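**Student:** One structure coming up, written as structure tokens, with questions to follow.
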Amino acid sequence: MPHLLNLIDQPPETIRALLDRAAELKAERRRGGRSTPLTGKVVGLVFEKPSLRTRMSFEAGVAHLGGTSLFFPGNEIGLGWRETLADFARTTSRFLDAIVLRVYRQETVDAIAQHGSVPVINGLSDRSHPCQALADLLTIRENFGAIEGKTVVFVGDGNNVAMSLAVGCARLGAKFVLACPTGYTFDDAFLKNFQSKVSEELPVTLHDPVAAVKSADVVYTDVWTSMGQEAEREERLQKFAPFQLNSKLMAEAPKSCKVLHCLPAHRGEEITDEVVDGPQSVVFDQAENRLHVQKAVLEWLLAK
Ligand code: CP
Ligand code: NVA
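Okay, structure coming up:
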């Protein structure tokens, strides 16, 4: 049973095929065309954390493809505390054709996939955000014509979004650089997994944002405090301050580079208004691409 749990499980051919199909679905939508391969299918969305883009783009995407989506706040249905994850997975598999999960722990996604009998899609965990990385890769490809050989500089925390993008870049031949404060690098568990499943060559980590952006094709940032880390917010605000994506830092990057952010943006923290609204920013195209890549994922996992 195929799932999308973590991009690290997917070979380059699958990622490329998903991007190709997403581009076709995007063009089809622009033309006003519509195919409905999910007719009769029901997709459950179970979210433990807030979401705008993931929830809305999945619900819209399922509707475009002719299916039905049902949204459940994780706490209301007792995910993780009212019964075992195995029993949750076995039960929900009897009702749904696929399940999209947004959870605090990657282990929750993995356990539900292991014990259930329908495809599981990870809509963000503490360790990964594969749907986001697919949208990021599509956005990079649209802007540069290719992903291979490009340099993606992620200025910020070595978090879920950064980990998935680092994997996606390596799978498709782009260089990934993480520019972060000491103590916020990728952890050993991720690097070990990366080395065994993706590449001997690890993503580059720098602690000087100016040096990092000099050769960037893409400069990417995300919030400094991810959902679930709220207790660390004050400390993070201080540590990450020198890593703010502002016009001064952007002046050190090539003029041709593009700015990406998975959103939501904390304007005035990790990114300033002039950068997120500036001419190099493609963040809303990137947000739109969530819809197209997820439709490709749904088709791949569900369409006959
Ligand atoms: N980028 C992203 O996943 O946005 P949401 O948290 O709003 O879903
Ligand atoms: N790293 C952020 C991404 C939000 C889409 C978080 O996990 O909160």
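Remember, the working numbering sits 1008 above the position in the sequence shown when you count from 1.
Cβ coordinates follow ideal geometry from the N, Cα and C atoms, glycine included.
Keep in mind that this is a model prediction, so the values were computed, not measured.
1. Would you say the beta carbon of C1188 comes nearer than 7 Å to a heavy atom of ligand 2?
2. Which one of V1111, L1012, P1019 has the shortest CA to CA distance from L1180?
3. So for F1096, helix, strand or coil by DSSP?
4. Could you give the DSSP three-state label for R1042: helix, strand or coil?
5. Please return the same chain residues whose Cβ sits closer than 7 Å to the Cβ of D1118, not counting the five positions on each side in sequence.
6. Closer than 7 Å to a non-hydrogen atom of ligand 3 - does that hold for the CB of F1079?
7. Going by the DSSP bridge assignment, what does A1106 pair with across the sheet?
8. Helix, strand or coil: which one does DSSP assign to S1065?
9. In three-state DSSP terms, what is N1297?
10. If the criterion is Cβ atoms closer than 8 Å, does the pair G1166 and L1145 meet it?
11. Tell me the start and end of each unbroken beta strand (DSSP E) in the region 1106-1164 that is at least 3 residues and wholly inside, in chain order.
12. Are the CB atoms of H1269 and T1229 within a distance shorter than 8 Å?
13. Excluding the 5 residues preceding and the 5 following V1305 in the sequence, name in chain order all residues of the same chain whose CB lies nearer than 8 Å to its CB.
14. Would you say M1064 touches ligand 2, meaning its beta carbon is less than 7 Å from a heavy atom?
15. What residue does the alpha helix (DSSP H) around S1204 start on, and which one ends it?
16. Indicate, with yes or no, if ligand 1 has a heavy atom lying under 7 Å from the CB of L1132.
17. State the DSSP-derived secondary structure class of T1280, mapped to helix, strand or coil.
18. Return the Cβ separation of R1110 and G1131 in integer angstroms, given the expectation that the two are a contact with Cβ distance under 8 Å.
19. How many Å lie between Q1313 and G1041 at the Cα?
20. Let me confirm a value: L1060 is counted as buried when at least 16 other C-beta atoms fall within 10 Å, else exposed. Which label applies?
21. Since P1081 is in the beta strand (DSSP E), which residue starts that stretch and which ends it?
**Tutor:** In short:
1. no
2. P1019
3. helix
4. coil
5. L1013
6. Of the ligands one can find in the structure shown, namely ligand 1 and ligand 2, none is ligand 3.
7. V1051
8. helix
9. helix
10. no
11. 1106-1110, 1128-1130, 1159-1163
12. yes
13. L1012, L1026, I1129, C1139, L1142
14. no
15. 1196-1205
16. yes
17. coil
18. 4 Å
19. Here the chain has residues from 1009 to 1312 only, and residue 1313 is not among them.
20. exposed
21. 1076-1081
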